[in-house]
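In this note's numbering, the protein residues as written are 1 to 211.
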């Protein structure tokens with residue numbers, strides 16, 4: 001497998017594939033790695049059927065493997081490049097649901113929510129933004145989730161909810177890009193009341209460190 005990887009990185013894809021195809025005695029994690037590498041070779045040559053076939057085999061034989069996690073991320077990114085956003089949503093969502101505590105979980109969750117917004121799947125997007133805040137409150141994607149949930153609330157005529165989200169964003173992430181946008185939006189909501197939404201309490205406060 002190490003030799004096949006080196007050959008692939010050296011641009012000798014055919015030799016790498018020959019080695020991987022012959023390594024049918026691989027077991028356990030090595031077997032999962034072999035399938036992932038075969039999938040990446042198929043992806044690099046735009047062999048969609050071959051790529052999807054190996055991904056399916058990974059699902060069946062190594063459903064909790066980190067190699068499947070990488071394969072799903074690769075699938076999602078591949079769909080993004082092809083502008084097949086609905087398929088990308090499915091791949092990002094599957095990645096987050098199968099590996100909710102993985103290194104890419106919060107990122108994958110956010111991508112599914114944001115792409116749903118782009119695709120006009122409003123209800124899915126709103127739920128996704130709220131789940132981002134609830135499930136991954138300390139993630140790097142929370143400022144964006146707060147902003148876009150506020151925007152969708154504003155578009156739905158829910159001025160009070162929009163103000164609460166904008167205010168939380170402005171107070172907690174004061175020097176962030178989205179906080180600046182939030183303050184601009186707040187100026188248009190002068191007469192709206194500020195209600196309390198428990199989900200916003202999930203966002204951890206700033207650390208109480210010395211100035």
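From the three backbone atoms N, C-alpha and C, an ideal C-beta is built for every residue, glycine too. Because the structure is a prediction, the values reported are computed rather than measured.
When DSSP assignments are scanned along the segment 32-80, the uninterrupted stretches of alpha helix (DSSP H) that are 4 or more residues long and fall wholly within it turn out to be 48-61. Shown here, residue 143 sits in a helix according to DSSP, grouped into three states. Around the Cβ of residue 184, a 10 Å sphere holds fewer than 16 other Cβ atoms; the residue is exposed.
By the beta-carbon neighbour count (other beta carbons within 10 angstroms, threshold 16), residue 44 is exposed. Taken atom to atom, the span from the alpha-carbon of residue 119 to that of residue 86 is near 8 Å.
93 is the residue among 124, 22, 93, 147 whose C-alpha sits nearest the C-alpha of residue 76. Looking from the CA of residue 207, the closest CA among 198, 173, 189 belongs to 173. Counting only residues of its own chain and dropping the five nearest sequence neighbours on each side, residue 150 has a CB closer than 6 Å to the CB of 162, 165, 166. A contact between stretches requires three or more CB pairs, one per stretch, nearer than 8 Å, and the segment 10-29 meets this requirement with the segment 41-55. In the DSSP annotation of this structure, residue 190 is not part of any alpha helix (DSSP H), being labelled neither H nor E. Burial is judged here by how many other beta carbons sit within 10 angstroms of a residue's own beta carbon; residue 12 has fewer than 16 and is exposed. With a cutoff of 8 Å on beta-carbon distance, residue 113 and residue 125 are scored as near each other. Rounded to whole angstroms, the gap between the alpha carbons of residue 55 and residue 91 is 11 Å. Counting only the Cα atoms, residue 95 lies some 11 Å from residue 103.
Shown here for residue 35: same chain residues with a beta carbon closer than 6 Å to its own, the five before and five after excluded, namely 54, 57, 58 in chain order. Unbroken alpha helix (DSSP H) stretches of 4 residues or longer found wholly inside the segment 102-160: 105-118, 122-135, 142-155, given in chain order. Burial of residue 152 is indicated by the presence of at least 16 other C-beta atoms within 10 angstroms of its C-beta. For the options 1, 199, 51, 52, the alpha carbon positioned closest to that of residue 31 is the one of 1.
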